[in-house]
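Engineer: Numbering follows the UniProt record's numbering, in which position 106 of the sequence shown is assigned residue number 106; successive positions increment by one, without gaps.
C-beta: ideal position from N, C-alpha, C; glycine also.
From a predicted model like this one, the values you see are computed outputs, not experimental measurements.
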Amino acid sequence: MTWQEAYKRGTARLQQCGVKEAGADAWILMEEYGKTDRAHYFLRQMEEMPEEAWHSYECAIAKRAQRIPVQQITGKQEFCGLEFQVNEHVLIPRQDTECLVEEAMKKVKPGDHVLDVCTGSGCIIISIQKLMRDQCVCCATDISKEALKMAEKNAMHLEAKVRFVQGDLMENVAGRYHCIVSNPPYIESEVIRGLEPEVRDHEPMLALDGKEDGLFFYRKIIKEALHYLEPEGWLLFEIGYLQGEAVSTLMIQSGYREVTVKKDLAGLDRIVLGQYRP
């Protein structure tokens with residue numbers, strides 16, 4: 001079995017199983033489990049692949065063929081230029097969510113207290129703290145103990161100062177914050193069954209299900225945040241691309257000012273933010 005044959009066989013198997021990015025995913029797994037890179041691969045592609053490398057690669061391909069996300073197989077995902085560890089207990093960090101970090105960075109100043117609600121892997125709050133060079137006081141919450149274990153692991157690995165609190169939204173949070181960020185579950189319950197198997201079957205339902213209309217957690221956080229924001233503090237959300245008007249309306253109705261919808265790189269509504277002015 002040559003390196004080239006192994007890659008082609010891996011790609012073909014993923015294609016047969018309906019994996020959309022079969023070639024790209026087969027390559028990621030080749031790099032990770034074949035312990036190679038493009039230059040090395042093309043230099044030796046017609047050579048025999050070591051049996052141990054082939055076995056590791058074949059096992060990884062078999063997992064991906066079961067529609068397990070490639071990030072859960074490798075155990076990592078890049079976000080805001082940082083490498084985060086992930087598993088089945090946390091939502092895989094997505095590029096769209098980097099927009100939330102970017103918008104938060106426009107509001108956060110050194111010394112500010114920042115809270116991340118529904119932190120998951122911790123990618124949002126850790127990225128903010130790293131970009132702020134540990135000059136903020138950061139706290140993050142999640143209802144899932146397993147998710148918090150992964151978030152704490154990421155904070156330790158990336159040397160970011162973040163305090164993690166287990167609880168339902170802000171129930172165990174103390175103090176007030178200059179900025180609260182959240183990427184809450186926002187997919188409508190009925191929509192989840194139609195998602196790709198990678199998401200529907202392998203990412204945590206706790207991080208996906210926004211109840212009947214997808215707005216359940218926005219309503220709760222918008223109201224609760226009023227008790228935890230400093231005067232003139234900011235609340236920022238990631239939203240589904242069709243939720244801009246609905247979430248904006250909820251924030252305006254609760255008294256937030258300067259409510260604004262921001263778009264992602266694809267031109268879709270992705271962030272809603274507003275300021276608390278008592």
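When the Cα of Tyr57 is compared with those of Val108, Gln72, Glu5, Leu29, which residue comes out closest?
Structural biologist: The shortest Cα separation from Tyr57 among Val108, Gln72, Glu5, Leu29 belongs to Leu29.
Engineer: Between Pro278, Leu226, Asn183, Val117, which has its C-alpha nearest Gly240's C-alpha?
Structural biologist: Cα-wise, what sits closest to Gly240 is Asn183.
Engineer: Please report the straight-line C-alpha distance between Ile271 and Ile128, rounded to a whole angstrom.
Structural biologist: Going from the Cα of Ile271 to the Cα of Ile128 covers about 16 Å.
Engineer: Considering only the alpha carbon of each residue, which of Trp54, Trp3, Lys63, Cys17 lies closest to Ala39?
Structural biologist: That would be Trp3, whose Cα lies nearest to the Cα of Ala39.
Engineer: Provide the residue span of the alpha helix (DSSP H) that contains Thr249, from first to last.
Structural biologist: Start and end: 244-253.
Engineer: If you run the structure through DSSP and keep just helix, strand and coil, what is Ala266?
Structural biologist: Coil, per DSSP.
Engineer: Counting pairs of beta carbons, one from the segment 216-228 and one from the segment 75-87, are three or more of them closer than 8 Å?
Structural biologist: At 8 Å Cβ cutoff, the stretches do not touch.
Engineer: Taking a contact to mean a Cβ-Cβ separation below 8 Å, would you say His178 touches Val114 in this structure?
Structural biologist: Going by C-beta atoms, His178 is nearer than 8 Å to Val114.
Engineer: Determine the extent of the beta strand (DSSP E) in which Gly233 is found, giving its start and end residues.
Structural biologist: First-last of the beta strand (DSSP E) with Gly233: 229-238.
Engineer: Taking its Cβ as the centre, do 16 or more other Cβ atoms sit within 10 Å of Asp112, making it buried, or is it exposed?
Structural biologist: That one is buried.
Engineer: Distance check for Lys8 and Gln66, CA to CA, integer angstroms please.
Structural biologist: About 18 Å.
Engineer: Here's the rule I'm using: 16 or more other beta-carbon atoms within 10 Å means buried, otherwise exposed. How should Glu198 be labelled?
Structural biologist: Buried, by the Cβ-count rule.
Engineer: Let's see if you can read the secondary structure: which residues bound the alpha helix (DSSP H) around Lys141?
Structural biologist: Residue 141 is actually Thr in this sequence, not Lys. Careful: Thr141 lies outside any alpha helix (DSSP H), inside the beta strand (DSSP E) at 137-142.
Engineer: Using a threshold of 8 Å, state whether the C-beta atoms of Gly244 and Tyr276 are closer than that.
Structural biologist: No, Cβ-Cβ distance for Gly244 and Tyr276 is not below 8 Å.
Engineer: Taking DSSP as the reference, what is the three-state secondary structure of Tyr177?
Structural biologist: Strand.
Engineer: Let me know the secondary structure DSSP gives Asp112 once reduced to three states.
Structural biologist: Residue state, collapsed to three classes: coil.
Engineer: Among all the DSSP beta bridges, which residues are the ones paired with Val162?
Structural biologist: Its beta-bridge partners are Cys138.
Engineer: Around the C-beta of Asp168, are 16 or more other C-beta atoms found within 10 angstroms, so that it is buried, or is it exposed?
Structural biologist: Burial call: exposed.
Engineer: Report the option in Ala225, Asn154, Arg13, Val247 whose CA atom is closest to the CA atom of Gly210.
Structural biologist: That would be Val247, whose Cα lies nearest to the Cα of Gly210.
Engineer: Going straight from the alpha carbon of Gly81 to that of Leu43, what length do you get?
Structural biologist: For Gly81 and Leu43, the distance between alpha carbons rounds to 29 Å.
Engineer: Tell me the residue span of the beta strand (DSSP E) that contains Glu78.
Structural biologist: Counting along the chain, the beta strand (DSSP E) containing Glu78 begins and ends at 76-79.
Engineer: Hey, does Asp112 have any beta-carbon neighbour from chain B nearer than 8 Å?
Structural biologist: The question asks about chain B, but that chain is absent: this structure has only one protein chain.
Engineer: Using the Cβ count rule (16 or more neighbours within 10 Å means buried), how would you classify Asp116?
Structural biologist: So Asp116 counts as buried.
Engineer: Hey, which unbroken runs of the beta strand (DSSP E) at 3 residues or more fall wholly within the segment 46-94?
Structural biologist: Within the segment 46-94, the complete beta strand (DSSP E) runs of at least 3 residues are 76-79, 82-85.
Engineer: Taking Cys59 as the reference, give the member of Leu131, Gly10, Glu212, Leu236 with the closest Cα.
Structural biologist: The shortest C-alpha separation from Cys59 is found at Gly10.
Engineer: With distances taken from CA atoms, which of Thr97, Ile180, Ala53, Met46 is nearest Asp264?
Structural biologist: Measuring from the Cα of Asp264, the nearest candidate turns out to be Thr97.
Engineer: Are the Cβ atoms of His202 and Pro93 separated by less than 8 Å?
Structural biologist: In this structure, Pro93 does not lie closer than 8 Å to His202 by Cβ.
Engineer: Quick check: the Cα distance between Glu48 and Glu146, rounded to an integer number of angstroms?
Structural biologist: Looking at the two C-alpha atoms, the distance is approximately 41 Å.
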